[in-house]
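A quick write-up on the structure given underneath.
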Amino acid sequence: MAALVIAEHDNRALKGATLNTIAAATQCSPEVDVLVAGSGVDAVAQVASQIAGVRKVIQIDVPYLVDQLAEPLAAQILSIAKNYTHLLAPATANGKNVMPRVAAKLDVAQFSDITKVVSQDTFERPIYAGNAIATVQSNDPIKVITVRTTGFDPVTSTGGSAVIEKLTAQADSGKSTFVGRELNQSYRPELTSARIIVSGGRGLGSSEKYQELIAPLADKLGAALGASRAAVDAGYVPNDYQVGQTGKIVAPDLYIAVGISGAIQHLAGMKDSKVIVAINKDPDAPIFSVADYGLVADLFTAVPELTKAIS
Numbered sequence: 002m003a004a005l006v007i008a009e010h011d012n013r014a015l016k017g018a019t020l021n022t023i024a025a026a027t028q029c030s031p032e033v034d035v036l037v038a039g040s041g042v043d044a045v046a047q048v049a050s051q052i053a054g055v056r057k058v059i060q061i062d063v064p065y066l067v068d069q070l071a072e073p074l075a076a077q078i079l080s081i082a083k084n085y086t087h088l089l090a091p092a093t094a095n096g097k098n099v100m101p102r103v104a105a106k107l108d109v110a111q112f113s114d115i116t117k118v119v120s121q122d123t124f125e126r127p128i129y130a131g132n133a134i135a136t137v138q139s140n141d142p143i144k145v146i147t148v149r150t151t152g153f154d155p156v157t158s159t160g161g162s163a164v165i166e167k168l169t170a171q172a173d174s175g176k177s178t179f180v181g182r183e184l185n186q187s188y189r190p191e192l193t194s195a196r197i198i199v200s201g202g203r204g205l206g207s208s209e210k211y212q213e214l215i216a217p218l219a220d221k222l223g224a225a226l227g228a229s230r231a232a233v234d235a236g237y238v239p240n241d242y243q244v245g246q247t248g249k250i251v252a253p254d255l256y257i258a259v260g261i262s263g264a265i266q267h268l269a270g271m272k273d274s275k276v277i278v279a280i281n282k283d284p285d286a287p288i289f290s291v292a293d294y295g296l297v298a299d300l301f302t303a304v305p306e307l308t309k310a311i312s
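Under the working numbering, think of the first position of the sequence shown as 2, with each following residue one higher.
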């Protein structure tokens, strides 16, 4: 039997998290299909068909799926679930919204936030803010899985030639209605897909200092902006900047932590970064335990000098 990946998209473009999820799916089954459900998603389905390792793209295109609410989207997944042994989605806000409903309707357990596929029925997932790894196994006929995308390298987005199969959508139950969405528009890279992230912590002291010190450094590097929960709670930056167990899980090529002590919840969200640079005046700060490069210095002096030194 095959694995089905629920594509992450905005009806215009495929999100990178889908490629990481397909990588996990290929370790579950040699045959991987992708479900593209939305409104006006011809371009998304075409892109998905070119992904290496994909056997078939199932396209369900109907206006009421434009916002991909859990109830109507789950109905589409359930209509074809019997054809698969594994149902996978990225462990994003969308994936965490729809997959528990799918698992409940199928009366099976869900594997949440997996970071490794041990075998077709056994997986690893972090617990206790990443301090321990649980190995979980299930005999359920269908495995419902959300994938921590930082745990899997993305598959190649080109080279495939999957067939696109268009299916008729299941009727909308009308159980939920989309009310509205508030988005922060930014010219910067998206936090979860950025190659470089500059994060600031409570040590900055204020929102003004965050903008004065962190933003210029990020501009020089072409980086996304991040923050610790303490900085978010203090009102320095919006919630969507938060990196950590209760924020966003990231694994960029370069992560620069400025004025972040390194609480366990924050480390759980960024410790898989390829290179970690920490700037903190406290030599005993926990952030240095995971940092590849650490600078014990006053950030109010060090960061402007670093920004100035970058050409």
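We put the CB at the ideal spot given by N, CA and C, even for glycine.
What whole-angstrom Cβ distance do residue i and residue j have, given they're in contact under 8 Å?
{"i": "Tyr256", "j": "Ser200", "result": "7 Å"}
{"i": "Ala92", "j": "Thr147", "result": "4 Å"}
{"i": "Gly1", "j": "Leu300", "result": "Absent from the structure is residue 1, since the part of the chain shown begins at 2 and ends at 312."}
{"i": "His10", "j": "Val45", "result": "5 Å"}
{"i": "Leu15", "j": "Ala8", "result": "6 Å"}
{"i": "Ala53", "j": "Gly160", "result": "4 Å"}
{"i": "Leu168", "j": "Ile59", "result": "6 Å"}
{"i": "Asp62", "j": "Val42", "result": "5 Å"}
How many angstroms separate the CA atom of residue i from the CA atom of residue j?
{"i": "Arg182", "j": "Val244", "result": "21 Å"}
{"i": "Ile311", "j": "Phe112", "result": "44 Å"}
{"i": "Ser177", "j": "Ala3", "result": "31 Å"}
{"i": "Pro253", "j": "Leu307", "result": "20 Å"}
{"i": "Leu79", "j": "Tyr294", "result": "48 Å"}
{"i": "Val33", "j": "Arg56", "result": "6 Å"}
{"i": "Phe179", "j": "Leu296", "result": "47 Å"}
{"i": "Val291", "j": "Ile165", "result": "44 Å"}
{"i": "Ala219", "j": "Ile261", "result": "16 Å"}
{"i": "Ala231", "j": "Ile265", "result": "12 Å"}
{"i": "Val259", "j": "Ala133", "result": "26 Å"}
{"i": "Ile277", "j": "Phe289", "result": "9 Å"}
{"i": "Arg126", "j": "Pro64", "result": "36 Å"}
{"i": "Asn1", "j": "Ser174", "result": "Missing from the structure shown is residue 1; the chain here goes from 2 to 312 and no further."}
{"i": "Lys309", "j": "Gln51", "result": "43 Å"}
{"i": "Ile115", "j": "Gln171", "result": "29 Å"}
Determine which residues share a DSSP beta bridge with residue i and list them.
{"i": "Gly39", "result": "Asp62"}
{"i": "Ala4", "result": "Val33, His87"}
{"i": "Ile146", "result": "Leu89, Phe112"}
{"i": "Pro127", "result": "Ile134"}
{"i": "Gln243", "result": "Ala228"}
> What beta strand (DSSP E) runs, 3 residues minimum, are completely inside the region 252-309?
Replying inline: Entirely contained in the region 252-309, the beta strand (DSSP E) runs reaching 3 residues are, in chain order, 255-259, 276-281, 294-297.
> Would the region 136-150 and the region 77-91 be scored as touching if the rule is three or more Cβ pairs under 8 Å?
Replying inline: Counting Cβ pairs under 8 Å, three or more are found: they touch.
> Which whole runs of the beta strand (DSSP E) in the region 152-195 are 3 residues long or more, in chain order?
Replying inline: Within the region 152-195, the complete beta strand (DSSP E) runs of at least 3 residues are 164-167.
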